[in-house]
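One structure is given here, and the rest of the page talks about it.
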Amino acid sequence: MSYTASVSNIIDEASIRQIQEYIDRSGQIVITAHLSPDGDALGSSLALCQYLQRQGKKAEVMVPNSFPYFLKWMEGAEKILIYEHNSAAGRHHLEQADLIFSLDYNILKRVGDIGPVIA
7 MSYTASVSNI IDEASIRQIQ EYIDRSGQIV ITAHLSPDGD ALGSSLALCQ
57 YLQRQGKKAE VMVPNSFPYF LKWMEGAEKI LIYEHNSAAG RHHLEQADLI
107 FSLDYNILKR VGDIGPVIA
């Protein structure tokens, strides 16, 4: 079973195609996750980042603040941009992004200082 076929049981195929079109038209992509990121937020963000990079996209994960040491084993965790440690670079990356994914949160206040930049 293809990835698209398995996901289409959850998300309709038209939406999947539309998301892929956004990805296809984008060169620089930022993936954001919520404050005090947990395993779900980091795991899904890093997995999406790897998927996008394999499509030849420049993609990176950005989180508002530090995450627990015990999650640093995840592949790519060392490359995560922590906004509170370098907000100037974070703001620059967000402003340059063609596409921003918001994972594991549903309101902007859950991303702290990143919220006003992506609003």
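Residues in the sequence shown are numbered from 7 upward in steps of one, following our numbering. Ideal placement from N, C-alpha and C gives every residue a C-beta, glycine not left out. Every value quoted in this text rests on a predicted model; they were computed, and no experiment measured them.
In the DSSP assignment, residue 103 falls outside any beta strand (DSSP E), carrying neither H nor E. Residue 95 carries a helical assignment under DSSP once its states are collapsed to helix, strand and coil.
Secondary structure of residue 53 (DSSP, three-state): helix.
Taking the Cα of residue 75 as reference, the smallest distance to any Cα among 65, 104, 60, 45 is reached at 45.
In the assembly as shown, residue 96 is a buried residue. Its beta-carbon has 16 or more other beta-carbons within 10 Å. Rounded to whole angstroms, the Cβ separation of residue 93 and residue 38 is 13 Å, and the two are not in contact under 8 Å.
In this structure, 100 is the residue among 52, 100, 87, 42 with its C-alpha nearest to the C-alpha of residue 35. Just so you know, the alpha carbons of residue 80 and residue 52 end up roughly 8 Å apart. Taking 8 Å as the upper bound for CB-CB distance, residue 105 and residue 28 are in contact here, some 6 Å apart. One alpha carbon belongs to residue 115, the other to residue 15, and they sit about 31 Å apart.
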